[in-house]
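Notes to accompany the following structure.
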Amino acid sequence: MSMETTLSHDTPAHDDHHHDKPRGLARWLYTTNHKDIGTLYLVFSLLMFFIGGSMAMIIRAELFMPGLQLVEPEFFNQMTTMHALIMVFGAVMPAWVGFANWMLPMMIGAPDMALPRMNNWSFWILPFAFTMLLSTLFMDSGGPAAGWTLYPPLSLQGGQSFAFVVFAVHMMGISSIMGSINVIATILNLRAPGMTLLRMPLFVWTWLITAFLLIMVMPVLAGAVTMLLTDHFFGTSFFNAAGGGDPVMFQHIFWFFGHPEVYIMILPAFGVVSEIIPTFARKPLFGYSAMVYATASIAFLSFIVWAHHMFTVGMPLTGALFFMYATMLIAVPTGVKVFNWVSTMWKGSMTFETPMLFAIAFVVLFTIGGLSGLMLAIASVDLQYHDTYFVVAHFHYVLVPGSVFALMAGAYYWLPKWTGHMYSETWGKIHFWVSAISVNILFFPQHYLGLAGMPRRIPDYSTQFADFNMISSIGGFIFGASQLIFVGVIVHCVYKSRQKATAQVWEGAKGLEWTLPSPAPYHTFDTPPVIDETTIAHAHSRH
Amino acid sequence: MKKPNTFIVVAAVAAAVIAATWLLLAAPGYTGNEINMTRGVTSQSTINYSLHMTVLWICIVIGIIVFSAMFVSIVLHRKSRGYNPAQFTHSTKAEIIWTVIPVLILVVMAVPATRALVNMEVAPETEMTVKITGFQWRWKYEYVEDGISFISSLDPESNAARRLASGTPPEEVDNYLLEVDKPLVLPANTKIKFLITADDVIHSWWVPALGWKRDAVPGYINEAWTEIMEPGIYRGQCAELCGRDHGFMPIVLHVLPRAEYDAWVLEQQNPESVSRLAASPARPSATAYENE
Ligand SMILES: [Cu+2]
Chain A
26 MSMETTLSHD
36 TPAHDDHHHD
46 KPRGLARWLY
56 TTNHKDIGTL
66 YLVFSLLMFF
76 IGGSMAMIIR
86 AELFMPGLQL
96 VEPEFFNQMT
106 TMHALIMVFG
116 AVMPAWVGFA
126 NWMLPMMIGA
136 PDMALPRMNN
146 WSFWILPFAF
156 TMLLSTLFMD
166 SGGPAAGWTL
176 YPPLSLQGGQ
186 SFAFVVFAVH
196 MMGISSIMGS
206 INVIATILNL
216 RAPGMTLLRM
226 PLFVWTWLIT
236 AFLLIMVMPV
246 LAGAVTMLLT
256 DHFFGTSFFN
266 AAGGGDPVMF
276 QHIFWFFGHP
286 EVYIMILPAF
296 GVVSEIIPTF
306 ARKPLFGYSA
316 MVYATASIAF
326 LSFIVWAHHM
336 FTVGMPLTGA
346 LFFMYATMLI
356 AVPTGVKVFN
366 WVSTMWKGSM
376 TFETPMLFAI
386 AFVVLFTIGG
396 LSGLMLAIAS
406 VDLQYHDTYF
416 VVAHFHYVLV
426 PGSVFALMAG
436 AYYWLPKWTG
446 HMYSETWGKI
456 HFWVSAISVN
466 ILFFPQHYLG
476 LAGMPRRIPD
486 YSTQFADFNM
496 ISSIGGFIFG
506 ASQLIFVGVI
516 VHCVYKSRQK
526 ATAQVWEGAK
536 GLEWTLPSPA
546 PYHTFDTPPV
556 IDETTIAHAH
566 SRH
Chain B
37 MKKPNTFIVV
47 AAVAAAVIAA
57 TWLLLAAPGY
67 TGNEINMTRG
77 VTSQSTINYS
87 LHMTVLWICI
97 VIGIIVFSAM
107 FVSIVLHRKS
117 RGYNPAQFTH
127 STKAEIIWTV
137 IPVLILVVMA
147 VPATRALVNM
157 EVAPETEMTV
167 KITGFQWRWK
177 YEYVEDGISF
187 ISSLDPESNA
197 ARRLASGTPP
207 EEVDNYLLEV
217 DKPLVLPANT
227 KIKFLITADD
237 VIHSWWVPAL
247 GWKRDAVPGY
257 INEAWTEIME
267 PGIYRGQCAE
277 LCGRDHGFMP
287 IVLHVLPRAE
297 YDAWVLEQQN
307 PESVSRLAAS
317 PARPSATAYE
327 NE
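Chain order of the listed sequences is A and B. With the numbering used here applied, the first sequence corresponds to residues 26 to 568, in that order. With the numbering used here applied, the second sequence corresponds to residues 37 to 328, in that order.
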């Protein structure tokens, strides 16, 4: 079916819009409803979070003490590679698409996503992609073991199963691109009258920018892995030095995708935190326009810093200087964001429900990750930091207490709106405190390990690294186990909680989603809402 | 009033535990695992160490300022204290200040960072050249002028102990995983050029005491240079994932005073003359050759 017919078929005026939803499996297979698809994405990403997490547990268990106790080095490499691929493409990215599906239409006053059938398709590709990716672990040649960066020539040493990895990455890419087209089409076309661009909630803004990043870089990744595929199976020499190819070229192409990818995972987090802090500070977001421009600048800069991942590869002095300066510049818009969050809290009237706790922890711990990122930008010192646990600590700080904490903050924040019930605040807080403390026990000592000289991606290490690896592993086991509390809180909230949520849910919450009843009805905003300046957050953001 | 108090108590306890751990680890008396970057034994490593410390302290100060403002706000501006929310939404003055000041801080950081990079990358006139080739999973060293060449791989004792369920605890092996059968012998206080390449996949040659690592890429010859100020034994590892035994291809440098190094070169070139050299005072000292 062509895109035009899909569009006209699902315009709000169309009268078969109100079919009863089918029951059972069929409902989920055929659904074109943004809320159903949002739920599918979120449940899928939670499942992947636990699969990727169990791999992390294997890694931390092997690294608990020096010597090999549990797994062979080859399997260890498969675990680090798969852990990253699954967490990046299976857990964090689909989780953000899930939030986009649930929240974007409700935040801009749209009846659904602009392209509902494509929406269904972009979700249902994912289970097949990840089944394919995970199935490589059971093949003779094993799963991918060259790191999630898939650097050749090492990645080309993988066996036949490598083709499955490449096609799985292709499918994830197609899914992401379709998801982004949908986000852009929805935000640009389906905003309710009066919801001008500079009145949109920050979460909508950050997702709009993220979607453009995705559309620009996913095809680049697809091209890179396709060249790996033909090098491996069809005798081409794109990256094979012996055949006139260039292994370093792959790294340039990969990181041209890879660096924006990092921001794809963090920009929506900025958005969620910018929704939550004003709500619980009962005070409007400070510097709304600056936040929008800062997000756009970060997105732009993300395209011109890729080679800071490659300082050790050997590049001309001028090249290294350019990438160092450009990378340092990212600190400026990122700093603006952090200062604005703190200013939003300043002189507010704060309460500390679970979403706010996660949001505050996000600001603190993401800032720590950002500051270590600034250290890594210094090219000459990066020749010491690079490929050590210092880097591992850095990116886990921005991804786990960064992106993942923002996801949890968002889940607690909107769960009452989704389910119509309040979650258990006590258990939410327990989940928060156990996670927030253990995540630091897990990742903070890794800074020390890296500085002391421990390379990343090694299954065994010399005895001088023993103490902090053991501490890190203990933190890892606690952090892993504490995520079961999260599942418990969600299951309780969905099926058992008796405490009904009001439409408003949070005293200080502003925005169109809070004008809807809780749970939000299956179809919302069939007719565009009339925007009341007092119910939206950014009505008077600029005078 | 009960809930906010619990929050403050938990937050304060967590902060105190973290601060205490840091202080403990930073204390001069602490004799456990190393937690900071080495100062190393080259001009590059010392420059990198002080640059690292400068940037680290700038980051710590920024962190303290931001987090204190946040913590003060968390303590004072809470609903349970009956605090009424202000409604300001922006302040052009504040926003300009916190855009300009970070830019200035970055400029201050960029100056020494640029100088360090230039020193790192622009090699001086060197006196000798060693070609390093990475293989899965060992290193080959070629002394270009002296015609010496050998392969250096993981020490057999470590290699046996590192097998899954080997029965040998790592603590019982000297320099577990950081010992090789044949170390790279280099002269101290000599400007040395390295030509670094690989034969199969990408590796990365890294000895932290030298202050840098450089990727060994098939099809490329990367250049690096060093001048080691103190004789001694320095250890490192391959730093770029290179397959199954990536964790098991260490690098060991034996850095000798110039005269002892020259004697070692002669010995390598004329193995039959060993007995003659043994009597001469140029014989490498026993301390530098603990594994011979
Ligand atoms: Cu290697």
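Note that beta-carbon positions come from the ideal geometry of N, C-alpha and C, so glycine has one too.
**Study point:** Chain-order list of residues whose beta-carbon lies under 7 Å from that of Ile561/A (same chain, five-residue window excluded)
**Key:** Arg224, Lys535, Gly536 and Leu537
- Message: Nearest by alpha-carbon distance to Asn195/B: which of Pro254/B, Val216/B, Val91/B and Ile184/B is it?
- Response: Val216/B
Review point. Which stretch, first to last residue, makes up the alpha helix (DSSP H) that contains Cys95/B?
Key: Ser79 to Leu112
| query | Does the beta-carbon of Thr343/A have 16 or more other beta-carbons within 10 angstroms, so that it is buried, or is it exposed? | reply | exposed
Check your understanding: Ends of the beta strand (DSSP E) at Asn258/B?
Key -> Asn258 to Glu263
Exercise. Name the chain A residues that come within less than 7 Å of Ile98/B, Cβ to Cβ?
Worked result: Leu396
**Prompt:** Which whole-angstrom value describes the C-beta separation of Ile228/B and Leu220/B, a residue pair presumed to lie in contact below a C-beta threshold of 8 Å?
**Reply:** In fact, because the Cβ distance is near 10 Å, the residues do not count as touching under 8 Å.
Can you tell me whether Trp173/B sits near ligand 1, meaning its C-beta is under 7 Å from at least one heavy atom of the ligand?
yes
Item checked: Burial state of Phe550/A (16 or more Cβ within 10 Å) -> buried
Exercise. Should Gly373/A go down as buried or exposed, given a rule of 16 or more other Cβ atoms within 10 Å for buried?
Worked result: buried
ask   = Would Ser186/A count as contacting chain B if we go by Cβ distances under 8 Å?
value = no
Let me know the beta strand (DSSP E) ranges lying completely inside the stretch 84–139 of chain A, each 3 residues or longer, listed in chain order. none
| said: Is any non-hydrogen atom of ligand 1 found closer than 7 Å to the C-beta of Glu170/B, if you look at the structure I gave you? | reply: A small correction: the amino acid at residue 170/B is Gly; Glu does not occupy that position in the sequence shown. Result yes, Cβ under 7 Å from ligand 1.
| In this structure, does DSSP put Lys362/A in helix, strand or coil? | helix
Rounded to a whole number of angstroms, what is the C-alpha to C-alpha distance between Gly77/A and Arg117/B? 43 Å
Identify each residue in the stretch 344–364 of chain A for which the Cβ-Cβ distance to at least one residue of chain B is less than 8 Å, and report them in chain order. Ala345, Leu346, Met349, Tyr350, Met353, Leu354, Ala356, Val357, Gly360, Val361, Val363 and Phe364
Residue of Ser166/A, Ala324/A, Ser186/A and Ala247/A minimising C-alpha distance to Trp232/A: Ala324/A
Flag Met138/A as yes if its beta-carbon sits less than 8 Å from any beta-carbon of chain B, otherwise no. no
- Inter-residue Cα distance where the pair is His257/A and His411/A: 28 Å
query = Lys454/A lies in the alpha helix (DSSP H); which residues open and close that run?
reply = Glu450 to Ala477
Met285/B beta carbon near ligand 1 (any heavy atom closer than 7 Å): yes
- Message: Please report whether the beta-carbon of Val273/A lies at a distance below 8 Å from any beta-carbon of chain B.
- Response: yes
Strictly by DSSP, which residues pair up with Glu131/B? Answer is none; Glu131/B lacks a bridge partner.
query = Quick one, are the C-beta atoms of Ile62/A and Asn145/A less than 8 Å apart?
reply = yes
**Message:** With three or more C-beta pairs closer than 8 Å as the rule, is the stretch 489–496 of chain A touching the stretch 73–93 of chain B?
**Reply:** no
**Request:** Within the same chain, show all residues whose beta-carbon is closer than 8 Å to that of Phe237/A, passing over the 5 residues directly before and after it, in chain order.
**Result:** Ser205, Ile209 and Ala324
*asked:* Given 7 Å as the limit, tell me if Cys274/B has its C-beta closer than that to any heavy atom belonging to ligand 1.
replied: yes
Same chain, Cβ closer than 6 Å to Val459/A, five either side skipped, listed in chain order:
Ser507
* Asked: Would the beta-carbon of Met349/A fall within 8 Å of that of Ala149/B?
  -> yes
Starting from Leu179/A, find everything on chain B with Cβ-Cβ shorter than 8 Å and list it in chain order.
Val237, Ile238, Leu277, Cys278 and Gly279
* Of all the residues that make up the stretch 241–267 of chain B, which are near chain A by a beta-carbon distance shorter than 8 Å? -> Trp242, Pro244, Gly247, Trp248, Lys249, Arg250, Asp251, Val253, Pro254, Gly255, Tyr256, Asn258 and Glu259
In three-state terms, what does DSSP make of His446/A? strand
query = Unbroken beta strand (DSSP E) runs of length 3 or more, entirely within the stretch 252–306 of chain B: which are they?
reply = 258–263, 268–274 and 286–292
Spatial neighbours of Tyr256/B within its chain, please: CB distance less than 7 Å, with the 5 preceding and 5 following residues excluded, ordered by chain position. Thr233
| task | Using the Cα positions of Ile278/A and Leu246/A, report the straight-line distance between them to the nearest angstrom. | result | 7 Å
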